Amino acid sequence: MQLITKKLYTMKYVKFKQGQKITFKSPTRNGNVKATRIINGSFNGLPTVRFNGWINFVVRKNEIIEIN
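All residue numbers for the sequence shown refer to the working numbering, where the first residue is 34 and numbers rise by one.
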(Lines of atoms letter the chains of each structure in order from A and count residues from 1; the text may use other names and numbers.)
(Lines give C-alpha, C1' and ligand atoms only; values in the text may rest on other atoms or scores of the structure.)
Protein backbone atom coordinates (compact mmCIF):
# COMPACT_ATOMS: atom_id res chain seq x y z
CA MET A 1 0.00 0.00 0.00
CA GLN A 2 1.40 3.33 -1.02
CA LEU A 3 0.62 6.45 0.95
CA ILE A 4 0.11 9.48 -1.28
CA THR A 5 0.49 12.84 0.40
CA LYS A 6 -0.61 16.07 -1.20
CA LYS A 7 1.50 19.08 -0.38
CA LEU A 8 0.08 22.58 -0.13
CA TYR A 9 2.22 24.91 -2.21
CA THR A 10 2.03 28.66 -1.81
CA MET A 11 2.81 31.07 -4.58
CA LYS A 12 2.54 34.82 -4.09
CA TYR A 13 -1.24 35.43 -3.86
CA VAL A 14 -2.01 31.91 -5.19
CA LYS A 15 -2.32 28.66 -3.25
CA PHE A 16 -2.37 25.35 -5.03
CA LYS A 17 -2.16 21.66 -4.20
CA GLN A 18 -0.78 18.74 -6.11
CA GLY A 19 -3.66 17.07 -7.95
CA GLN A 20 -5.68 20.27 -8.58
CA LYS A 21 -6.59 21.27 -12.13
CA ILE A 22 -4.96 24.36 -13.59
CA THR A 23 -5.93 26.26 -16.74
CA PHE A 24 -3.13 28.28 -18.28
CA LYS A 25 -2.00 29.87 -21.52
CA SER A 26 1.24 28.67 -23.03
CA PRO A 27 2.97 30.73 -25.69
CA THR A 28 4.02 28.56 -28.65
CA ARG A 29 5.10 29.20 -32.23
CA ASN A 30 1.46 29.16 -33.32
CA GLY A 31 0.24 31.65 -30.69
CA ASN A 32 -1.10 31.18 -27.17
CA VAL A 33 -2.52 27.73 -26.47
CA LYS A 34 -5.03 27.42 -23.64
CA ALA A 35 -4.57 24.16 -21.74
CA THR A 36 -6.02 22.47 -18.65
CA ARG A 37 -3.80 20.02 -16.79
CA ILE A 38 -3.36 18.46 -13.34
CA ILE A 39 -0.65 19.93 -11.09
CA ASN A 40 2.02 17.31 -10.40
CA GLY A 41 4.49 19.31 -8.29
CA SER A 42 6.26 22.58 -7.71
CA PHE A 43 9.47 24.26 -8.89
CA ASN A 44 10.64 27.40 -7.06
CA GLY A 45 7.08 28.03 -5.86
CA LEU A 46 5.52 27.65 -9.32
CA PRO A 47 3.21 24.78 -10.30
CA THR A 48 4.45 22.07 -12.67
CA VAL A 49 2.33 19.95 -15.06
CA ARG A 50 2.71 17.40 -17.87
CA PHE A 51 2.51 19.35 -21.14
CA ASN A 52 3.77 18.83 -24.72
CA GLY A 53 6.04 15.94 -23.78
CA TRP A 54 7.49 17.69 -20.74
CA ILE A 55 7.09 15.84 -17.43
CA ASN A 56 7.62 18.90 -15.23
CA PHE A 57 6.51 21.87 -17.35
CA VAL A 58 6.67 25.01 -15.17
CA VAL A 59 3.65 27.32 -15.43
CA ARG A 60 4.64 30.93 -14.84
CA LYS A 61 2.54 33.23 -12.70
CA ASN A 62 1.46 35.45 -15.61
CA GLU A 63 0.29 32.39 -17.61
CA ILE A 64 -2.22 31.12 -15.01
CA ILE A 65 -5.88 31.64 -15.89
CA GLU A 66 -7.60 29.54 -13.21
CA ILE A 67 -6.87 26.93 -10.54
CA ASN A 68 -9.67 24.57 -9.48
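Idealized CB from N, CA, C, for every residue including glycine.
If you're wondering where the values come from, they're calculated on a predicted model, not measured in any experiment.
In the DSSP assignment, V92 is bridged to no other residue.
Going by beta carbons, I72 and T61 fall outside the 9 Å limit. Between R83 and F76, the beta carbon gap of about 13 Å keeps them out of contact (Cβ cut-off 8 Å). The residues T69, I98, E99, in chain order, have a CB closer than 6 Å to that of T56 in the same chain once the five nearest residues on each side in sequence are set aside. In summary, V92 is buried, with 16 or more beta-carbon neighbours lying within 10 Å of its beta-carbon over all protein chains present.
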